[in-house]
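Student: Pasting a structure below so you can have a look.
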Amino acid sequence: MKRILIVLGLLLTGFFMAGAQDKVVFELADGISEGNLKARMESQVSRLLTAINSAESASQAVNFSGLDIDDMASHSIAMLWENVHFRTMDDEIVTSCLTLRNGSSARGYQVRNIEIEMKPLDNTYTDAKLQEICIDFDTRGRIVDFNLTLGVNQYMRIMREGVELDDLDRRMQILHYVEQFRNAYNQKDLNFMDAVFSEDALIITGKVIRRVPNELNISSSRPEIQYSKQSKQQYLQNLKRVFARQGYINVKFDDIKVMRHGANPNFYGVTLIQHWNSSTYSDEGILFLVWNFENPDAPEINVRTWQPMEVPEEDIFTLDNFKI
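With the numbering used here as the guide, the letters of the sequence shown map in order to residues 9 to 332.
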């Protein structure tokens with residue numbers, strides 16, 4: 009009997025130690041002053057990150073019970089979880105709160121710069137193990153979105169440009185939707201892709217044509233690039249097949265540039281470098297998106313182009329290439 013009690017005691021000790029290691033304490037240092045709302049958001053993030061750590065420790069699904077989280081946010085986490093698990097780097101996290109605005113009124117809040125360590129499900133994962141997440145809230149403190157984030161330096165640069173050009177709120181929206189767009193690839197979320205592309209979206213993909221050198225061994229230094237167009241439905245069908253073939257997908261965006269259309273301020277061009285890593289295929293290319301914010305609550309992508317890195321700088325697509 010004594011031996012059984014000792015073993016049971018060791019098991020319980022291990023259980024409580026694991027639980028303690030999973031617990032996260034989250035604090036907002038600045039950006040929000042309202043006591044009850046601030047406390048609610050801190051509690052929500054603490055409980056969510058603790059639930060994620062516990063799920064990673066136990067190799068099980070994330071338990072959202074007791075959290076005020078909407079279906080989109082929980083679905084986003086669950087879909088990412090199917091491809092790769094993760095946990096926080098620290099058990100005490102202090103960061104700032106950003107206010108998301110529509111004009112002068114707040115439409116919600118966001119916390120960023122939360123470091124996580126990716127815990128791959130198998131050895132096919134070859135991307136960065138350390139990444140960051142952001143969590144969005146509505147004005148009542150309910151969790152409404154969860155995304156892997158862009159790098160801090162890129163984010164701050166684009167925010168500074170927004171201050172200079174007096175369109176900070178819109179640029180924050182753009183970065184939010186770009187992060188959602190990136191995560192839709194990682195989560196294999198066809199529903200988001202279907203919703204974000206306009207029905208008549210123009211989708212262009214380029215590839216370098218490799219020519220066999222002629223008998224004089226004369227070749228041009230300028231690469232020959234062949235472009236193909238797809239409709240939205242063609243693109244989604246192809247993407248569905250890609251998602252089915254890949255064990256995991258990890259897409260990252262770098263070197264992001266945001267340009268407002270001169271004649272129509274509701275349209276923005278976003279140029280970035282896309283790094284695609286998956287279980288069977290990897291590449292890099294120049295992605296260009298035309299975002300239409302005529303409906304600010306449901307912006308759409310009107311144009312998506314992908315060009316290989318070999319494309320000359322003067323041939324990279326911009327807003328000037330499309331009639332808006």
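Beta carbons are placed, not taken as given, at the ideal position from N, Cα and C, and that holds for glycine. Only a predicted model underlies this, so the values are computations on that prediction, with no experimental measurement involved.
(1) Between which two residues does the beta strand (DSSP E) carrying I257 extend?
(2) By Cβ distance, which residues of its chain are closer than 6 Å to I60, with the 5 residues on each side in sequence left out?
(3) Name the two residues that bound the continuous alpha helix (DSSP H) containing G277.
(4) What is the rounded straight-line gap between the Cα of D76 and the Cα of Y185?
(5) If contacts are defined as beta-carbon pairs under 8 Å, then K265 and T279 qualify, I think. What distance do you get, rounded to the angstrom?
(6) Around the C-beta of V204, are 16 or more other C-beta atoms found within 10 angstroms, so that it is buried, or is it exposed?
(7) Can you check DSSP and say which residues form a bridge with I124?
(8) At the level of alpha carbons, what is the spacing between L173 and Q181?
(9) Give me the residue from L56, F325, Q315 with the minimum Cα distance to G214.
(10) Can you name the start and end residues of the beta strand (DSSP E) that E50 belongs to?
(11) Assuming V216 is part of the beta strand (DSSP E), what are its boundary residues?
(12) To the nearest angstrom, how far is it from the Cα of R150 to the Cα of E318?
(13) Span of the alpha helix (DSSP H) holding Q195?
(14) Considering Cα atoms alone, identify which of M126, E123, I143, N246 is closest to L108.
(15) If you draw a straight line from the C-alpha of R115 to the C-alpha of L106, how long is it?
(16) My understanding is that F261 touches L198, with C-beta atoms under 8 Å, so please give their C-beta distance in whole angstroms.
(17) Can you give me the C-alpha to C-alpha distance between S82 and I211, rounded to a whole angstrom?
(18) Please look up how many angstroms separate the CB atoms of E340 and F94, rounded, as I've assumed it's under 8 Å.
Tutor: According to the structure data:
(1) By one-based count along the sequence shown, residue 257 stands at place 249. First-last of the beta strand (DSSP E) with I257: 257-268.
(2) Working through the sequence shown from its first residue, we reach residue 60 at position 52. Excluding residues within five positions, the ones whose Cβ falls inside 6 Å are V70.
(3) Position 269 of the sequence shown, counting from 1, holds the residue named residue 277. Counting along the chain, G277 falls outside any alpha helix (DSSP H), though it belongs to the beta strand (DSSP E) covering 275-286.
(4) As a working mapping, residue 76 is identified with position 68 in the sequence shown. As a working mapping, residue 185 is identified with position 177 in the sequence shown. If you take the alpha carbons of D76 and Y185, they lie about 22 Å apart.
(5) Translated into the one-based positions of the sequence shown, residue 265 becomes position 257. Translated into the one-based positions of the sequence shown, residue 279 becomes position 271. Their Cβ separation, rounded to whole angstroms, is 5 Å, which keeps K265 and T279 in contact under 8 Å.
(6) By 1-based counting over the sequence shown, the position of residue 204 is 196. Result: buried.
(7) Within the sequence shown, numbered from 1, the residue matching residue 124 stands at position 116. For I124, which the question treats as bridged, DSSP gives the partners T96, Q139.
(8) One-based indexing of the sequence shown puts residue 173 at position 165. One-based indexing of the sequence shown puts residue 181 at position 173. For L173, the predicted model reports a pLDDT of 48, less than 50, meaning its position is unreliable and no value from the coordinates is stated.
(9) Position 206 of the sequence shown, counted from the start, is the residue given in the question as residue 214. Taking only the C-alpha atoms, the option nearest G214 is Q315.
(10) Here the question's residue 50 lines up with position 42 in the sequence shown. For E50, no beta strand (DSSP E) run applies; the uninterrupted alpha helix (DSSP H) run containing it begins and ends at 43-66, by DSSP.
(11) Here residue 216 refers to the residue found at position 208 when the sequence shown is read from its first residue. Element bounds for V216: 205-216.
(12) Taking the first residue of the sequence shown as 1, we reach residue 150 at position 142. Taking the first residue of the sequence shown as 1, we reach residue 318 at position 310. Computed Cα separation, rounded: 45 Å.
(13) Taking the first residue of the sequence shown as position 1, residue 195 is located at position 187. Here Q195 belongs to no alpha helix (DSSP H), and DSSP marks it neither H nor E.
(14) Here residue 108 is taken as the residue at index 100 of the sequence shown, counted from 1. Out of M126, E123, I143, N246, I143 has the C-alpha closest to the C-alpha of L108.
(15) Locating residue 115 in the sequence shown gives position 107, where the first residue counts as 1. Locating residue 106 in the sequence shown gives position 98, where the first residue counts as 1. About 11 Å.
(16) For the purposes of this step, residue 261 is taken as residue 253 along the sequence shown, with counting starting at 1. For the purposes of this step, residue 198 is taken as residue 190 along the sequence shown, with counting starting at 1. Not a contact, Cβ separation roughly 20 Å.
(17) In the sequence shown, residue 82 corresponds to position 74, counting from 1. In the sequence shown, residue 211 corresponds to position 203, counting from 1. Each residue's alpha carbon lies about 30 Å from the other.
(18) Since the first residue shown for the chain is 9 and the last is 332, residue 340 is missing from the structure and cannot be characterised.
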